[in-house]
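To start, the structure itself, in structure tokens.
Residue numbers (this note's numbering): 3 to 220.
Put into structure tokens, the structure is as follows:
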């Protein structure tokens with residue numbers, strides 16, 4: 003789960019966040035929580051990482067961790083949205099309205115992450131780009147240059163890194179293997195079976211190429 007805190011977000015703004023979340027989650031749900039210090043990423047942005055571990059008392063089940071990242075970059079088109087209670091668990095949050103990014107801006111962020119994320123990138127980004135595209139979300143190309151500047155990079159860096167990442171996805175079979183392995187962690191088995199077909203990987207890389215072309219043309 004990703005959150006943006008704006009360019010003025012500082013470590014001192016988050017001094018009590020770890021303590022509050024730890025106290026509330028451990029007291030109410032018995033979940034152990036580990037909060038790390040803000041991590042300096044490439045460029046100017048800092049990211050505050052928080053990890054919530056579930057199933058800690060069930061040693062026979064694999065541990066699940068929920069990662070929360072708070073990034074020192076802005077959201078350009080925030081809008082008020084009502085919190086959805088997807089799982090039907092009463093948490094006292096009914097009617098709560100939060101400032102959130104639109105799906106369009108999330109898609110732009112995913113394209114930026116595809117280029118700038120360190121190492122091989124994040125397989126969840128690939129899935130999210132495809133899913134958002136399937137929902138009919140249009141990439142807001144006007145936001146791409148703004149987000150490149152937010153990360154204190156230039157368009158040359160973005161183009162080089164994005165083209166390289168897209169080429170690797172088609173040229174390195176191990177990236178498909180990693181993608182399938184990762185999606186097993188958060189998708190139903192029936193959905194994963196569809197992703198395991200060669201045709202899906204061809205479709206996915208095609209979608210990424212098309213969105214990449216739109217982003218590079220911004």
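Note that beta-carbon positions come from the ideal geometry of N, C-alpha and C, so glycine has one too.
Between the alpha carbons of residue 105 and residue 124 lies a distance of about 18 angstroms.
The beta carbon of residue 107 sits closer than 8 angstroms to the beta carbons of 77, 78, 79, 142, 145 from its chain, once the five residues preceding and following it are set aside; these are given in chain order. Counting the other Cβ atoms within 10 Å of the Cβ of residue 111 gives 16 or more, which makes it buried.
Around residue 127, the same chain offers 112, 115, 116 as residues with beta carbons nearer than 6 angstroms, after the five sequence neighbours per side are excluded.
According to the DSSP secondary-structure assignment, residue 101 is paired through a beta bridge with 82. If only complete runs of 4 or more residues are kept, the segment 165-191 shows the alpha helix (DSSP H) at 175-185, in order along the chain. Going by beta carbons, residue 98 and residue 85 fall inside the 7 angstroms limit. In this structure, residue 204 sits away from residue 194, with a CB-CB distance that is not shorter than 7 angstroms.
The C-beta of residue 132 has 16 or more other C-beta atoms within 10 Å across all chains shown, which makes the residue buried. Cβ-Cβ distances below 6 angstroms link residue 103 to 77 in the same chain, with the five nearest sequence neighbours on each side left out; the list follows chain order. Excluding residues up to 5 positions away in sequence, 113, 131, 135, 141 lie with their Cβ nearer than 7 angstroms to the Cβ of residue 213 in the same chain.
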